[in-house]
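> After the structure tokens below, expect a handful of questions from me.
There are 2 protein chains.
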Amino acid sequence: MIRFYAPDIDKTLTLPESDSGHCCRVLRMTTGDIIEVVDGKGNSFQCRITDAHHKHTKVDIISNSVEAKHWIGRLTLAVAPTKNIDRMEWLLEKAVEIGIDRIVFLKCERSERKDIKNERILKILVSAMKQSMKASLPEFDGMVDFNKFLSEDFGTSQKFIGYCSSEYPKLQLLKEYNPGTDAVIVIGPEGDFSPNEIKNAVDNGFKCVTFGNTRLRTETAALYSLTNIHSINEYTELHKIK
Amino acid sequence: MIRFYAPDIDKTLTLPESDSGHCCRVLRMTTGDIIEVVDGKGNSFQCRITDAHHKHTKVDIISNSVEAKHWIGRLTLAVAPTKNIDRMEWLLEKAVEIGIDRIVFLKCERSERKDIKNERILKILVSAMKQSMKASLPEFDGMVDFNKFLSEDFGTSQKFIGYCSSEYPKLQLLKEYNPGTDAVIVIGPEGDFSPNEIKNAVDNGFKCVTFGNTRLRTETAALYSLTNIHSINEYTELHKIK
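In structure tokens, the structure reads:
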């Protein structure tokens, strides 16, 4: 069943304009038809259309269910966006498909891209959520200053930064990560972090890690490291490895 | 250092036309300059330009080295290409970056795309190889009939097919895969495999597996499952889990 997105459906009982248009004009659904509406907060509603309108379709809620989270740990991915925005949009789509709790775009000293269109990002996140049959959107911060991000309180999360230099011990993410724990992964810009930024990250408890022995593009490193963590969490759970 | 690709550099001592153009016209390198040339078979050559020509640059080989493979197991990914070819090109780039031994495009009953431009694919593979600092290209088969592929002899490889239906036990790739072994992963078309195709796969020793509890696009499933295997192999090696 096609999913529709309406963040306040339980209060408004109305689909937003874009989803109303898709529902009534594109899919030609009409009064009495049953649709599924998600609110991006983990709730999924079975609804009956009471007024099929191409701009504000009204519905009644028949039933609702709460989505069970399908991955382990709270996972935050913070990445300095690439100059080529397509690569970031691709990353967002894939990250939502495989599972992510929070996405942050970082403004670093050597960032080639210092701004981002938040509405465009939200559109991609919503589309990936619907397509992968989810009811939750990841938290999304927009552009955040790198040093400000570092100073956040991440509680008991393990904090990793993708960086390799002879100044710091060469650690492997897959060796350092403790299965089941929350994690923050930081991926730098194409021109890499500055020495000051790395020092600040290490001072704030981030571990410099690499992801195997190959050179990865920014968006590949982000998706690869996120998948590493999902893999280890699933593997250790399936095999009951403590 | 920029890498150049010349599959028979040790015999011809000449860069092909495209790389000659890139070297001499774009990068303005000239006689006496030192360049690195890879042959796509795992060999990397340090060369000195003896005749800078925009179509057939001549070189002398100063030294050569053989690339150490940076991942575990021989990994084959066979995927039915999506209608949107960009998604496949993206997959190829990422698969080469993270490590893959062989890529096969499958022609299935319900394939939306039945052909593919082999030269275009090779170009993407070469570009990803250079960009990720490798000297090896994966084997690439072009389009292969699904049932023909199934009948190949894969030796001691574990064989997996991404498929989920109540007719077959629901197995998890991360539970079934034995770390360190060679693996073949098969990913179907957007319209899924036909019942006959699945029966034929199972008869040929393929295990039907899923990759966690989320719905993934074709190209995401391919990259995710490949990364699952890399992750488990690295994790068990780093932690000495047998």
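Residue numbers (my numbering), protein chains in the order written: chain A, 1 to 242; chain B, 1 to 242. Glycine is no exception: its CB is placed at the ideal position from the N, C-alpha and C atoms.
#1: With 16 as the cutoff for other CB atoms within 10 Å, does T214(B) come out buried or exposed?
#2: Measure the C-alpha to C-alpha separation of K182(B) and L125(B) and round it to an integer number of angstroms.
#3: What residues from chain A crowd round Q172(B), counting only those whose CB sits closer than 8 Å?
#4: Please list, in chain order, the chain A residues whose beta carbon lies closer than 7 Å to that of E97(B).
#5: Going by DSSP in three states, I198(B) sits in which element: helix, strand or coil?
#6: Does the beta-carbon of A78(A) have 16 or more other beta-carbons within 10 angstroms, so that it is buried, or is it exposed?
#7: Where in the stretch 33–83 of chain A do unbroken runs of the beta strand (DSSP E), each at least 3 residues long, occur, reported from the N-terminal end onward?
#8: Under 8 Å Cβ to Cβ from E17(A), same chain only, skipping five residues before and after it: list those, please.
#9: Got a sec, what are the start and stop residues for the beta strand (DSSP E) I161(A) sits in?
#10: Tell me, please, whether the CB atom of I132(B) is closer than 8 Å to any CB atom in chain A?
#11: Is the distance from the Cβ of R113(B) to the Cβ of E139(B) below 8 Å?
#12: Quick one: Cα of Q172(A) to Cα of F105(A), how far?
#13: Which residues in the same chain have their Cβ closer than 7 Å to the Cβ of I72(B), if we skip the five residues on either side of it in sequence?
#14: Is I241(A) close to chain B? Criterion is C-beta to C-beta, closer than 8 Å.
#15: Taking C-alpha atoms, which residue in I116(B), S65(B), E109(B), I98(B) lies nearest to D86(B)?
#16: With C24(B) and I35(B) assumed to form a contact (beta carbons below 8 Å), what rounded beta-carbon distance in angstroms separates them?
#17: Going by CA-CA distance only, name the one from K58(B), E97(B), G40(B), K41(B) that's closest to C47(B).
#18: In chain order, what residues of the same chain lie with their CB nearer than 8 Å to the CB of Q158(A), ignoring the 5 residues before and after it?
#19: With H, G and I counted as helix, E and B as strand and the rest as coil, what does DSSP make of C108(B)?
#20: Please tell me whether N178(B) has its Cβ less than 8 Å away from any Cβ of chain D.
#21: Just confirm the distance between the C-beta atoms of H239(A) and G99(A), as a whole number of angstroms; I'd bet it's less than 8 Å.
#22: Who does C208(B) pair with in a DSSP beta bridge?
#23: Nearest to T156(A) by CA position, among L75(A), I61(A), R217(A), is which residue?
#24: In three-state terms, what does DSSP make of M1(A)?
#25: Between which two residues does the beta strand (DSSP E) harbouring M129(A) extend?
#26: Per DSSP, D145(B) forms a beta bridge with which residues?
#27: Which one of T30(A), V38(A), P169(A), M1(A) has the shortest CA to CA distance from D11(A)?
#28: Just confirm the distance between the C-beta atoms of E97(A) and A128(A), as a whole number of angstroms; I'd bet it's less than 8 Å.
#29: Let me see if you follow: with CB-CB separation under 8 Å, is K94(B) close to chain A or not?
#30: Does any CB atom of chain B fall closer than 8 Å to the CB of T76(A)?
#31: Quick check: is the beta carbon of S231(B) nearer than 8 Å to any beta carbon in chain A?
#32: With P7(B) and G40(B) assumed to form a contact (beta carbons below 8 Å), what rounded beta-carbon distance in angstroms separates them?
#33: Expressed to the nearest angstrom, what Euclidean distance is found between the alpha-carbon atoms of K107(A) and G205(A)?
#34: I want to see whether chain A comes within less than 8 Å of K175(B), judged by CB atoms only; does it?
#35: Just list the residues that DSSP pairs R102(B) with in beta bridges.
#36: Apart from the five residues on each side of it in sequence, which residues of its chain come closer than 8 Å, Cβ to Cβ, to C164(A)?
If we stick to the structure as given:
#1: Translated into positions along the second sequence, residue 214(B) becomes position 214. Looking at its Cβ environment, which holds 16 or more other Cβ atoms inside 10 Å, T214(B) is buried.
#2: Here residue 182(B) is taken as the residue at index 182 of the second sequence, counted from 1. Here residue 125(B) is taken as the residue at index 125 of the second sequence, counted from 1. This sequence places Asp at residue 182(B); Lys is not what is there. Per the coordinates, the alpha-carbon of D182(B) lies some 22 Å from the alpha-carbon of L125(B).
#3: In the second sequence, residue 172(B) corresponds to position 172, counting from 1. Going along chain A in sequence order, the residues near Q172(B) (Cβ under 8 Å) are E234, L238.
#4: The residue you call residue 97(B) lines up with position 97 of the second sequence. Within chain A, the residues near E97(B) are T214, L216, R217, T220.
#5: One-based indexing of the second sequence puts residue 198(B) at position 198. The answer is helix: DSSP assigns I198(B) an H, G or I state.
#6: Taking the first residue of the first sequence as 1, we reach residue 78(A) at position 78. By the neighbour-count definition (other C-beta atoms within 10 Å, threshold 16), A78(A) is a buried residue.
#7: Listed in chain order, the complete beta strand (DSSP E) runs (minimum 3 residues) inside the stretch 33–83 of chain A are 34–38, 43–51, 58–66, 75–79.
#8: The sequence position of residue 17(A) within the first sequence is 17, counting from 1. Closer than 8 Å at the Cβ level, and outside the excluded window around E17(A), lie K55, H56.
#9: Within the first sequence, the letter at position 161 stands for residue 161(A). According to the DSSP assignment, I161(A) belongs to the beta strand (DSSP E) that extends over 158–162.
#10: Translated into positions along the second sequence, residue 132(B) becomes position 132. For clarity, residue 132(B) is Ser in the given sequence; the question names Ile instead. Residue-level contact by beta carbon holds for S132(B) and chain A, with a gap shorter than 8 Å.
#11: Start at 1 with the first residue of the second sequence, and residue 113(B) comes out as number 113. Start at 1 with the first residue of the second sequence, and residue 139(B) comes out as number 139. One thing to note: R113(B) has its Cβ no nearer than 8 Å to the Cβ of E139(B).
#12: The residue given as residue 172(A) occupies position 172 in the first sequence. The residue given as residue 105(A) occupies position 105 in the first sequence. Whole-angstrom Cα-Cα distance: 23 Å.
#13: Numbered from 1 along the second sequence, position 72 holds the residue referred to as residue 72(B). Result list for I72(B): G180, N233, E237, in chain order.
#14: The residue labelled residue 241(A) in the question sits at position 241 within the first sequence. Closer than 8 Å to the CB of I241(A) there is at least one CB belonging to chain B.
#15: What you label residue 86(B) is simply residue 86 of the second sequence in a count that begins at 1. Per the Cα distances, I116(B).
#16: Counting from 1 along the second sequence, the entry for residue 24(B) is found at position 24. Counting from 1 along the second sequence, the entry for residue 35(B) is found at position 35. Between I35(B) and C24(B) the Cβ distance is about 10 Å, and since that is not below 8 Å, they are no contact.
#17: Working through the second sequence from its first residue, we reach residue 47(B) at position 47. It is K58(B) whose Cα lies nearest to the Cα of C47(B).
#18: Taking the first residue of the first sequence as position 1, residue 158(A) is located at position 158. Result list for Q158(A): E176, Y177, N178, T181, D182, A183, V184, K207, in chain order.
#19: What you label residue 108(B) is simply residue 108 of the second sequence in a count that begins at 1. When DSSP states are grouped into helix, strand and coil, C108(B) belongs to the coil group.
#20: Within the model displayed, chain D is absent; protein chains A and B are what it includes.
#21: To locate residue 239(A), count along the first sequence from 1; it is residue 239. To locate residue 99(A), count along the first sequence from 1; it is residue 99. No, H239(A) and G99(A) are not in contact; Cβ-Cβ is about 20 Å, not under 8 Å.
#22: Residue mapping note: residue 208(B) aligns to position 208 of the second sequence, counting from 1. When DSSP reads this structure, C208(B) sits in a beta bridge with I161(B).
#23: Counting from 1 along the first sequence, the entry for residue 156(A) is found at position 156. The candidate whose alpha carbon is nearest that of T156(A) is L75(A).
#24: Numbered from its first residue, the first sequence carries residue 1(A) at position 1. It is coil, neither helix nor strand.
#25: One-based indexing of the first sequence puts residue 129(A) at position 129. Segment 118–131 is the alpha helix (DSSP H) holding M129(A); no beta strand (DSSP E) there.
#26: The residue given as residue 145(B) occupies position 145 in the second sequence. Paired residue(s): K107(B).
#27: If you number the first sequence from 1, residue 11(A) lands on position 11. Note that residue 11(A) is Lys in the sequence shown, not Asp. Here the closest residue by C-alpha is V38(A).
#28: Sequence index remark: in the first sequence, residue 97(A) carries index 97 (1-based). Sequence index remark: in the first sequence, residue 128(A) carries index 128 (1-based). At roughly 6 Å, the Cβ-Cβ gap stays under 8 Å, so E97(A) and A128(A) are in contact.
#29: Taking the second sequence and counting its residues from 1, one reaches residue 94(B) at position 94. Residue-level contact by beta carbon holds for K94(B) and chain A, with a gap shorter than 8 Å.
#30: As a first step, residue 76(A) is located in the first sequence; it is residue number 76 there, counting from the start. The Cβ of T76(A) sits no closer than 8 Å to any Cβ of chain B.
#31: Here residue 231(B) refers to the residue found at position 231 when the second sequence is read from its first residue. True, the Cβ-Cβ gap to chain A drops below 8 Å.
#32: One-based indexing of the second sequence puts residue 7(B) at position 7. One-based indexing of the second sequence puts residue 40(B) at position 40. That pair is a contact at about 5 Å.
#33: Your numbering for residue 107(A) matches position 107 in the first sequence. Your numbering for residue 205(A) matches position 205 in the first sequence. Computed Cα separation, rounded: 19 Å.
#34: For the purposes of this step, residue 175(B) is identified with residue 175 of the second sequence, where counting begins at 1. It does: the Cβ of K175(B) has a partner Cβ on chain A nearer than 8 Å.
#35: Within the second sequence, residue 102(B) is the residue found at index 102, counting from 1. The beta-bridge partner set that DSSP reports for R102(B) consists of T76(B), E139(B).
#36: Start at 1 with the first residue of the first sequence, and residue 164(A) comes out as number 164. Here the set comprises K170, C208, T210.
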